[in-house]
Amino acid sequence: MKILVVGKGGREHALVRALAESPSRPHLFCFPGSDAIFETASPTTANDLHTLVDWMCEQGIDLCVAGEESYLVKDEGLANLCARHGIPCWGPPRESAMLEASKEFAKDFLVRHGIPTATAKAAASRDEAVAAIGGTYPVVLKFDGLAAGKGVAVCPDEASAIRFLDEVFIKSRFGPGRLLVESFLTGPEVSIFAAIVDREYLVFTPARDYKRALDGDAGPNTGGMGAVASRRLVPRETLARIEREIVRPTVDGLAADGMPYRGFLYFGLMLTPTGPQVIEYNCRFGDPECQAVMPLVRGDLAAFCHAGAQGRLDPSRLSFDEGWSVCVVLASAGYPESSRSGDVITGLDAPGDHRIYHAGTRRNATGAWETAGGRVLAAVAGGHDRKSAVTAAHNAADRIRFDGMQRRRDIGILRFED
Ligand code: AMP
Ligand code: GLY
């Protein structure tokens with residue numbers, strides 16, 4: 016079986032490695048990929064979505080796996096192009112990926128299908144947004160489009176809200192677009208991943224990410240500084256409620272609205288005092304949650320996705336380790352405001368029962384690994400209990416060095432104090 020994975024980050028490195036370890040032993044390719052990914056998967060000759068689809072046809076690719084969201088809504092849409100050329104695709108078509116690409120679209124979908132979520136009003140201008148806020152704080156402001164995880168502001172007061180409104184409507188930081196003014200929810204967050212095949216689904220191991228840059232959840236929001244995953248992260252009854260009130264109605268809603276879906280759907284949830292509520296949908300696996308979850312997946316992920324992309328959900332092909340997995344992200348100097356490239360990385364081949372996934376690295380002229388982006392690496396390790404996974408992951412991260420390295424020391428610890 017020939018599989019093409021689309022994307023280039025840490026999530027795709029983890030996906031490529033999990034697919035490569037599948038007993039069906041697929042031949043893997045990746046676009047656009049990275050030096051690290053190309054140690055496991057082969058590169059393509061494509062340079063955009065259209066040449067990629069032509070290349071897939073020439074090569075006889077059996078399955079395209081969408082890692083990164085942007086290609087799902089670019090041009091005609093990755094899955095739509097695949098469908099037109101008869102290539103099974105694990106990832107939804109453009110019209111369904113709007114659940115991630117537009118927060119207003121997602122909010123309408125949630126409300127229409129009676130799925131618990133924060134109340135919200137859409138605003139087309141700064142004045143409309145101020146009126147929608149109506150002087151109630153805290154408030155959550157969400158730019159209505161893909162903004163690489165930076166389009167959401169939780170505003171404790173008027174000054175912070177006005178600052179964000181100016182960024183959106185005066186400085187056009189994210190380009191043109193509307194804004195969602197959303198009520199503020201409280202409670203622990205959890206990331207739930209469902210593999211959806213038409214009207215059926217399979218829930219993968221729940222995870223939680225750490226979005227803030229600094230220990231104690233201080234500092235600015237980032238793409239994610241770490242994650243923890245375990246079946247035991249969410250009590251059994253809570254997970255049953257999430258499936259009943261959120262996952263099942265979402266899958267039924269997609270079908271009722273004529274939105275085809277075969278692929279991973281990420282439910283960003285808040286476990287509020289009155290029950291779980293949806294904060295966001297993403298039409299892909301989470302990053303860095305994927306790096307924590309993939310080492311817990313047993314069975315044949317490649318065969319599972321291949322069958323799923325062709326309309327057969329086959330849970331018998333997969334099982335999930337009952338233990339814990341912790342992922343510690345190592346970021347470059349300046350992240351998240353900026354990033355620094357060219358810092359040489361050492362300690363990558365330290366022995367141990369852990370995995371290192373590359374998010375932003377490259378090989379330099381001498382063949383050494385160096386930084387090439389904001390989030391550089393993820394050190395991931397597992398254990399029967401959370402504490403052993405935490406120790407192993409942080410020990411693995413301790414071995415790695417590069418100038419300006421930033422990391423959190425409380426990944427897998429904060430929010431578990433008991
Ligand atoms: P998002 O990009 O939608 O995942 O939002 C980023 C972060 O903002 C989430 O992980 C939450 O921590 C926070 N957030 C989003 N929506 C809300 C809300 N309605 N109430 C409180 N916090 C929120
Ligand atoms: N971990 C958050 C995301 O993937 O969007």
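Numbering of the sequence shown is given in my numbering, commencing with residue 16 and proceeding in unit increments. Where is the CB? At the ideal position from N, CA and C, for every residue including glycine.
For A317, the enclosing alpha helix (DSSP H) has its first and last residue at L316 to A324. DSSP places M113 in the helix class (H, G or I) of the three-state scheme. Annotation for F300: no alpha helix (DSSP H) segment contains it, and DSSP assigns it neither H nor E.
Counting only runs of 4 or more residues that sit fully inside the segment 74 to 99, the alpha helix (DSSP H) segments are 85 to 88 and 93 to 99, in chain order.
Judged by DSSP in its simplified three-state form, A270 adopts helix. Distance from the CA atom of A33 to the CA atom of H321, rounded to whole angstroms, is 14 angstroms. In the DSSP assignment, T386 forms a beta bridge with T376. Going by beta carbons, I261 and V293 fall inside the 8 angstroms limit. Contact between the segment 127 to 146 and the segment 350 to 363 is absent: fewer than 3 CB-CB pairs across the two stretches fall below 8 angstroms.
Distances taken from the Cβ of L161 to the heavy atoms of ligand 1 include none shorter than 7 angstroms.
Nearest in C-alpha terms to D230, of all of G314, G24, Q421 and A29, is Q421. Per the Cβ contact rule, the segment 325 to 344 is in contact with the segment 214 to 234 (3 or more Cβ pairs under 8 angstroms). In its chain, beyond the 5 residues on either side, S206 and Y281 have a beta carbon closer than 6 angstroms to the beta carbon of G301. Our two residues, D315 and L333, have alpha carbons roughly 6 angstroms apart in a direct line. When distances are taken from the beta-carbon of E304 to the heavy atoms of ligand 1, even the shortest one reaches 7 angstroms or more. Relative to the non-hydrogen atoms of ligand 1, the Cβ of V395 never comes closer than 7 angstroms to any of them. Secondary structure note for H42: its beta strand (DSSP E) is the uninterrupted segment H42 to P47. In the structure shown, the three-state DSSP call for F335 is strand. With a cutoff of 8 angstroms on beta-carbon distance, A408 and H369 are scored as near each other. When the beta-carbon positions are compared, L200 and T287 come within less than 8 angstroms of each other. Burial check for T132: the Cβ neighbour count within 10 Å reaches 16 or more, so the residue is buried. In this structure, the CA atom of A387 is about 19 angstroms from the CA atom of G241.
Straight-line spacing of the CA atoms in L180 and E352 works out to 19 angstroms.
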